[in-house]
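See structure below.
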Amino acid sequence: MDAAHIRNFCIIAHIDHGKSTLADRMLEITGTVAARDMQEQLLDSNPIERERGITIKAQAVRMAFTHTDGDEYELNLIDTPGHVDFGYEVSRSLAACEGAVLVVDATQGIQAQTLANVYLALEHDLTIIPVVNKIDLPQSDQERVKAELKQAFGFKPEEVLYVSGKVGTGVKELLHEIINRVQQPAARPDKPLRALIFDSKYDSYKGVMAYVRVFDGVVRGTDRIRMMATNSMADVLEVGVFRPTMAKVDELAAGEVGYIATGLKSVGECRVGDTITLYRGGADEALPGYGARKPMVFAGMYPSEGNEFHELREALERLQMNDASLVFEPEQSAALGPGFRCGFLGLLHMEIVQERLEREFGMDLVVTAPSVVYRVVMNDNSVREIARPTDLPSGGEYQRVEEPWLRISILTPSRFLGPMMDLISSKRGEFKKTEYLDSAVVKQGDPDSLPSSDPRVLLEADVPMSEVLVDFYDQLKTRSRGYASLDYTVGEYREAPLVRLDVLVNNQPVDALSLITHKDNAFSQGRTLVERLRTLIPRQLFEVPIQAAIGGRIIARETIKSMGKNVLAKCYGGDVTRKRKLLEKQAEGKKRMKRIGRVEVPQEAFLAVLKMDK
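In terms of the numbering used here, the sequence shown opens at residue 63 and continues consecutively.
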């Protein structure tokens with residue numbers, strides 16, 4: 063199709079503001095999906111996405127829509143995730159579009175991820191169409207949200223559209239506005255092929271399926287192609303578009319979005335952000351790709367049965383084919399045996415990977431407490447990055463330890479400002495800025511400036527990443543009764559007095575329970591941890607000591623009492639020496655068991671590190 067009749071756009075919003083439901087109505091109104099095949103959250107194809115009600119992977123779909131001028135237009139929509147952990151998916155999707163539909167909940171207004179996504183869209187120089195969604199709800203406040211959009215981003219009142227993704231109100235008008243406002247793609251069909259890979263997945267029959275936006279040239283199902291970054295060659299098996307299921311076409315021309323079945327057996331040969339060109343007569347210069355996203359959270363994953371190590375490796379490799387953000391490497395634990403050190407974009411990403419491994423591959427896993435990447439400056443001034451607490455060198459071998467910090471943005475009603483500031487202080491945070499977003503007073507002559515009895519506050523602060531990992535988000539929602547929202551960006555590394563806290567069970571260190579913590583918090587964390595473990599580790603036939611230690615110094619101890627067995631039950635009277643012999647024999651046996659016995663540490667013990675109240 064002529065590029066003048068193509069529009070590429072995505073939907074961006076804070077989590078749960080109605081992106082996927084709005085996409086459903088677009089599919090229904092354009093007739094892309096038949097009424098009998100329609101279901102809620104159609105583009106969220108993964109069962110976990112449907113159960114949790116969130117989008118994890120960006121999904122693309124092509125729609126045909128007749129404009130008021132009578133011409134038919136091709137609309138390529140990419141539905142993006144809203145959770146902060148998957149912001150990388152959003153940034154990749156924006157690079158394949160010319161426009162973005164900004165969806166804001168009419169009951170909640172602007173949230174933290176709304177701000178982050180708008181700034182991301184502005185960086186990519188996209189046309190933004192502001193949309194107030196969920197206007198069908200009785201508690202919606204459309205005028206206030208419109209005033210917020212004007213104040214926060216400078217949108218004119220006439221630019222804001224009102225829709226209901228649930229009942230379909232205003233969606234057809236939105237499609238017309240997308241055609242009117244979003245620019246046509248800058249397409250050059252006469253140039254050598256250049257197609258940007260914005261996502262990929264693995265298919266058992268067709269190999270790596272590259273999701274592409276074609277910027278220059280044309281790609282056909284008979285071409286031989288080359289990946290410009292990896293220099294991998296492949297014969298195209300087929301090209302197609304998303305409707306929303308994959309539909310084969312003869313060619314993809316400049317300006318279009320679709321997929322290329324490469325037949326490659328490894329996602330590593332067809333990386334996200336790479337440029338596809340033709341093997342013969344291809345382009346000389348690649349398109350600007352994406353910066354590699356480094357994992358922020360690391361955790362150990364071990365099979366509960368040691369002989370399932372190879373099955374776990376195979377499951378992780380297959381999962382990595384559809385999730386390029388997942389990284390892993392083998393590691394050995396004295397307590398848990400062979401396993402893998404896995405890197406994730408955040409805690410939700412880690413939960414999703416664990417759930418998919420257990421569901422789709424039937425794995426029974428033991429997952430250790432998550433940790434961040436620390437920098438250790440050694441005595442010779444070399445810098446070593448460590449993701450495992452057990453890798454932290456002993457005290458005399460390094461000069462200092464540095465930890466990563468985050469710049470967090472919290473959007474909250476002003477009545478919860480005190481609890482939010484208390485939360486940040488308790489996590490060693492540093493306040494940077496406080497800004498009131500709502501108009502506190504009506505401005506004379508401005509009908510869009512509305513008074514607010516409880517104005518919302520944007521609170522910016524720097525917080526150590528390790529403090530945000532575990533229970534920060536839960537505490538944020540609890541203290542604000544669910545009203546506050548969070549966004550973050552990775553900041554700098556700063557020096558901190560950090561120590562390694564080790565846990566010994568029956569005088570044996572359990573390396574998977576070790577953690578790196580701030581010196582001031584070490585005692586309270588050690589005390590809390592051994593108290594939790596005492597209730598979680600089952601009783602044995604011998605006494606089991608649980609100790610928390612820093613270096614060679616024990617800072618906390620609890621003891622699990624031995625299980626009592628009455629060896630005198632069958633003794634009815636008789637000589638007392640017989641009873642004494644039985645008791646001495648029992649005591650000797652318990653001593654021997656304590657020397658050679660192994661204590662099974664259950665999965666709940668590792669979760670105790672996660673749920674520990676600091």
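Beta carbons are placed, not taken as given, at the ideal position from N, Cα and C, and that holds for glycine. As the structure is a prediction and not an experimental result, all values here were calculated from the model.
For Thr-430, count neighbouring C-beta atoms within 10 Å of its own C-beta (all shown protein chains included) and say buried if the count is 16 or more, exposed if not. What you label residue 430 is simply residue 368 of the sequence shown in a count that begins at 1. That one is buried.
Hey, how far is the Cα of Met-289 from the Cα of Thr-339? If you number the sequence shown from 1, residue 289 lands on position 227. If you number the sequence shown from 1, residue 339 lands on position 277. About 7 Å.
Could you give the residue range of the alpha helix (DSSP H) that holds Gln-246? On the sequence shown, position 184 is the one that residue 246 refers to. From DSSP, Gln-246 is part of no alpha helix (DSSP H); its letter is neither H nor E.
Please give the ranges of any alpha helix (DSSP H) in the stretch 432-499, keeping only runs that are unbroken, at least 4 residues long and fully inside the region. 479-488
Assign Arg-640 to buried or exposed, taking buried as 16 or more other Cβ atoms, counted over all protein chains shown, within 10 Å of its Cβ. Within the sequence shown, residue 640 is the residue found at index 578, counting from 1. Exposed is the call here.
Could you check if Ile-617 belongs to the surroundings of the ligand ADP, using beta carbon to heavy atom distance under 6 Å? Looking for the ligand ADP in the displayed structure turns up nothing, as the structure carries no ligands at all.
According to DSSP, simplified to helix, strand and coil, what is Thr-56? The structure shown has nothing for residue 56, since the chain only spans 63 to 676.
Among Gly-399, Arg-256 and Val-274, which has the Cα closest to the Cα of Leu-349? What you label residue 349 is simply residue 287 of the sequence shown in a count that begins at 1. Taking only the C-alpha atoms, the option nearest Leu-349 is Arg-256.
Pairwise C-alpha distance: Arg-469 and Val-439: One-based indexing of the sequence shown puts residue 439 at position 377. One-based indexing of the sequence shown puts residue 469 at position 407. Taking the Cα positions, Val-439 is about 23 Å away from Arg-469.
Pick from Leu-575, Leu-560 and Ser-444 that is closest to Val-567, judged by C-alpha positions: On the sequence shown, residue 567 is found 505 positions in, with the first residue counted as 1. Among Leu-575, Leu-560 and Ser-444, the Cα nearest to that of Val-567 is on Leu-575.
In the DSSP assignment, find the alpha helix (DSSP H) that holds Thr-83 and state where it starts and stops. As a working note, residue 83 is residue 21 in the sequence shown. Taken as a continuous stretch (DSSP letters only), the alpha helix (DSSP H) holding Thr-83 covers 81-91.
Do the CB positions of Pro-251 and Glu-160 come within less than 7 Å of each other? Looking up residue 251 in the sequence shown gives position 189. Looking up residue 160 in the sequence shown gives position 98. No, Cβ-Cβ distance for Pro-251 and Glu-160 is not below 7 Å.
Just to confirm the assignment, what range does the alpha helix (DSSP H) spanning Arg-601 have? Translated into the one-based positions of the sequence shown, residue 601 becomes position 539. Segment: none, Arg-601 is in no alpha helix (DSSP H) and carries neither H nor E.
To the nearest angstrom, how far is the alpha carbon of Gln-103 from that of Tyr-264? Sequence index remark: in the sequence shown, residue 103 carries index 41 (1-based). Sequence index remark: in the sequence shown, residue 264 carries index 202 (1-based). In this prediction, Gln-103 scores a pLDDT of 48, lower than 50, which makes its location untrustworthy; no coordinate-derived value is stated.
Gln-201 (DSSP reduced to helix, strand or coil): By one-based count along the sequence shown, residue 201 stands at place 139. In the structure shown, Gln-201 sits in coil (DSSP, three-state: anything other than H, G, I, E or B).
Residues in the same chain with beta-carbon distance under 7 Å from Lys-208, minus the five sequence neighbours each way, listed in chain order, please. Reading the sequence shown from its first residue, position 146 is the one you call residue 208. So the list reads Val-194, Pro-219, Val-222 and Asp-510, once near-sequence residues are dropped.
Meets three-Cβ-pair contact criterion under 8 Å: the stretch 614-628 and the stretch 522-533: With a cut-off of 8 Å, the stretch 522-533 and the stretch 614-628 do not count as touching, because too few Cβ pairs lie within range.
Identify the residues that DSSP records as bridge partners of Ser-310: which are they? By one-based count along the sequence shown, residue 310 stands at place 248. The sequence shown places Lys at residue 310, not Ser. Gly-302.
Distance, Cα to Cα, Asp-106 vs Pro-306? The sequence position of residue 106 within the sequence shown is 44, counting from 1. The sequence position of residue 306 within the sequence shown is 244, counting from 1. Any reading at Asp-106 must be qualified, since the residue scores a pLDDT of 46, below 50, and its modelled position is unreliable; the value itself is stated next. Linking Asp-106 to Pro-306 through their CA atoms gives a straight-line distance of about 11 Å.
Within 10 angstroms of its Cβ, does Gly-320 collect 16 or more other Cβ (buried), or is it exposed? Locating residue 320 in the sequence shown gives position 258, where the first residue counts as 1. Under this definition Gly-320 is a buried residue.
Alpha-carbon spacing of Ile-172 relative to Ala-214, whole angstroms: Locating residue 172 in the sequence shown gives position 110, counting from the first residue. Locating residue 214 in the sequence shown gives position 152, counting from the first residue. About 9 Å.
6 Å Cβ shell around Phe-423 - same chain, five flanking residues per side excluded: Stepping through the sequence shown from its first residue, residue 423 is reached at position 361. For Phe-423, where only same-chain residues beyond five positions count, the Cβ hits under 6 Å are Ala-377.
Evaluate Phe-406 with the Cβ neighbour count: other Cβ atoms within 10 Å of its Cβ, from every protein chain shown; 16 or more gives buried, anything less gives exposed. As a first step, residue 406 is located in the sequence shown; it is residue number 344 there, counting from the start. By the 10 Å Cβ count, Phe-406 comes out buried.
Hey, would you say Val-163 sits closer than 7 Å to Ile-73, going by beta carbons? Against the sequence shown, residue 163 aligns to sequence position 101. Against the sequence shown, residue 73 aligns to sequence position 11. Yes; because the gap between Cβ atoms is below 7 Å, this pair is in contact.
Start and end of the beta strand (DSSP E) containing Asp-6? There is no way to answer for residue 6, as the model of the chain reaches only from 63 to 676.
Tell me whether Arg-380 sits in a helix, a strand or coil according to DSSP, three-state version. The residue given as residue 380 occupies position 318 in the sequence shown. In the structure shown, Arg-380 sits in a helix (DSSP, three-state: H, G or I).
Taking 8 Å as the limit between beta carbons, can you name the residues of its chain near Leu-419, skipping five residues before and five after? Reading the sequence shown from its first residue, position 357 is the one you call residue 419. If we look at Leu-419 and ignore the five residues flanking it on each side, its Cβ neighbours are Met-363, Leu-374, Ala-377, Leu-378, Leu-381, Met-425 and Leu-427.
Should Leu-473 and Ser-547 be called a contact, given that it needs their Cβ atoms to be closer than 7 Å? Mapped onto the sequence shown, residue 473 falls at position 411. Mapped onto the sequence shown, residue 547 falls at position 485. In contact: Leu-473 and Ser-547 (Cβ atoms closer than 7 Å).
Can you have a look at Cys-633 and say buried or exposed, based on whether 16 or more other CB atoms are within 10 angstroms of its CB? Stepping through the sequence shown from its first residue, residue 633 is reached at position 571. Per the 10 Å Cβ criterion, exposed.
Am I right that Leu-577 and Leu-598 are in contact with their C-beta atoms under 8 Å? What's the rounded C-beta distance? The residue given as residue 577 occupies position 515 in the sequence shown. The residue given as residue 598 occupies position 536 in the sequence shown. No, Leu-577 and Leu-598 are not in contact; Cβ-Cβ is about 16 Å, not under 8 Å.
Own chain partners of Gln-570 with C-beta closer than 7 Å, once the 5 adjacent residues on each side are dropped: Within the sequence shown, numbered from 1, the residue matching residue 570 stands at position 508. No residues qualify anywhere along the chain.
Between the alpha carbons of Thr-452 and Asp-582, how many angstroms are there, rounded? For the purposes of this step, residue 452 is taken as residue 390 along the sequence shown, with counting starting at 1. For the purposes of this step, residue 582 is taken as residue 520 along the sequence shown, with counting starting at 1. Distance between the alpha carbons of Thr-452 and Asp-582: 20 Å.
With Phe-277 and Ala-316 assumed to form a contact (beta carbons below 8 Å), what rounded beta-carbon distance in angstroms separates them? On the sequence shown, residue 277 is found 215 positions in, with the first residue counted as 1. On the sequence shown, residue 316 is found 254 positions in, with the first residue counted as 1. Yes, they are in contact, since the Cβ atoms of Phe-277 and Ala-316 sit about 6 Å apart, within 8 Å.
Around the Cβ of His-76, are there at least 16 other Cβ atoms within 10 angstroms (buried) or fewer (exposed)? One-based indexing of the sequence shown puts residue 76 at position 14. Under this definition His-76 is a buried residue.
Beta-carbon gap between Ala-309 and Gly-302 smaller than 7 Å: The sequence position of residue 309 within the sequence shown is 247, counting from 1. The sequence position of residue 302 within the sequence shown is 240, counting from 1. Yes, these two residues count as a Cβ contact at 7 Å.
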